[in-house]
Every structure is written in structure tokens, then in C-alpha cells.
Amino acid sequence: MSCRRMSLVLLMLAFAAVGECGLERGAAAKDGAIFVDLDRARVVRMPDDAQTLIIGNPLIADVTMLKSNRLMVVTGKSFGSTNLIVLDQTGNQVGESLITVAPPMDKLVVQRGARRESYSCNPDCAPSIDLADDHDYSTHVIEAMKLHDGSSSKR
2 MSCRRMSLVL
12 LMLAFAAVGE
22 CGLERGAAAK
32 DGAIFVDLDR
42 ARVVRMPDDA
52 QTLIIGNPLI
62 ADVTMLKSNR
72 LMVVTGKSFG
82 STNLIVLDQT
92 GNQVGESLIT
102 VAPPMDKLVV
112 QRGARRESYS
122 CNPDCAPSID
132 LADDHDYSTH
142 VIEAMKLHDG
152 SSSKR
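Numbering-wise (my numbering), the sequence shown opens with residue 2 and increments by one.
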């Protein structure tokens, strides 16, 4: 195994160990906390009398109410935390949760000085794009995706 591949494997194991010891990232954790991965959606049950959802910072997370079955979809849009306030039909607050958006556990971030690169590792690592990645790296990955997409559509 190459030295670079061994380093990536060791980093992935370290991140996995932190994830096992860290916050539980269930659909709705206790104490009103909701954890969602960046660029992923999570379904969460709403209080029975919920009529209006207010998200503190829509740049961090987006929430969509599914009225027919008392569920909402929480989508992670950017790293960070924001709050979610739930109101009933008379405008009374019936709930509040803290939404925390974090990088997915299957992502590997390589920091090369000021340059940041992201890799999706499930089980092998491949280049991917994430917030805060280096511009040149992101452009290179996007071009590779376009080339791949263009070649697969010509079949």
C-alpha cells in the first residue's frame, strides 16, 4: 500500500472513531436537537398541532412541512447551527429545536496549506465537491464530472 493511501486510511479511521464517540446523528435526537449532514435530507416528526415552521437561518438549513402526515423534511445547506421554531394555528409556539449541519461521516477532507480538497469515501475515496473547497480543485472536479456525464450520454 502506498504511503499516501495509508495516510488516507488512517485519517478515515480517525474520523470514524470521532464519529462513534461524538454526537448521535439520528432523525431527531433527544432535547429537540436535529442533526443533518450537509447536502442531505432528513425526515423529522412535527408536533401534532404544528401549523407554521420558522427557520432561523435559511442559509444553513431548509425545512419543508409535509402537512398530510405530520412530518417535515430538514435539508442541510451549509455548515453550522440554526434554530427551528414551530407555531400552532393561533401563533403560539409549540416547539423549538436546534438544527446542526455537519459534514457527512463518509467524507474525507484534505487540507494542503490553504487549499482544501474533499473526497467521498464509501468504501474507496474519490474526489467530490464541498463547501470551502479550493476553487481550482472544485473547477477540476466539475470539469471531470461534465466530461464523464457527456461521455455516458453518447452511448
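Every residue gets a Cβ at the ideal spot worked out from N, C-alpha and C, and that includes glycine.
Determine the direct distance from the alpha carbon of residue j to that of residue i, and round the result to whole angstroms.
i	j	result
Y120	L60	23 Å
V1	L99	Outside the displayed span of the chain (2 to 156) sits residue 1, for which this structure offers no information.
A51	V111	42 Å
F157	C122	This structure leaves residue 157 out entirely; the chain is present only between 2 and 156.
A42	V142	23 Å
K108	G81	17 Å
K78	D131	11 Å
S129	D135	12 Å
L72	E97	15 Å
S139	A103	20 Å
A115	L67	42 Å
Q94	A133	36 Å
D1	T83	The structure shown does not extend to residue 1, since the chain is modelled only from 2 through 156, so no value can be given for it.
S152	D125	23 Å
D137	T76	27 Å
D161	R113	Residue 161 is absent from the model: the chain starts at 2 and stops at 156.
Classify residue i as buried or exposed, calling it buried when 16 or more other Cβ atoms lie within 10 Å of its own Cβ.
i	result
M47	buried
S69	exposed
A127	exposed
T91	exposed
E118	buried
C22	Confidence at C22 is low in this model, with a pLDDT of 35, below 50, so its placement is unreliable and no value can be given for it.
A62	buried
Which whole-angstrom value describes the C-beta separation of residue i and residue j, a residue pair presumed to lie in contact below a C-beta threshold of 8 Å?
i	j	result
V1	V74	The requested residue 1 is not part of the displayed model; the chain covers only 2 to 156.
T101	A34	7 Å
D38	P105	4 Å
contact_flag[the stretch 49-56, the stretch 76-87] where n(CB pairs < 8 Å) is 3 or more: yes
Report the start-end ranges of each beta strand (DSSP E) in the stretch 27-68 that is 3 residues or longer and not cut off at the edges. Counting only runs of 3 or more, we get 34-38, 42-46, 53-56 and 62-67.
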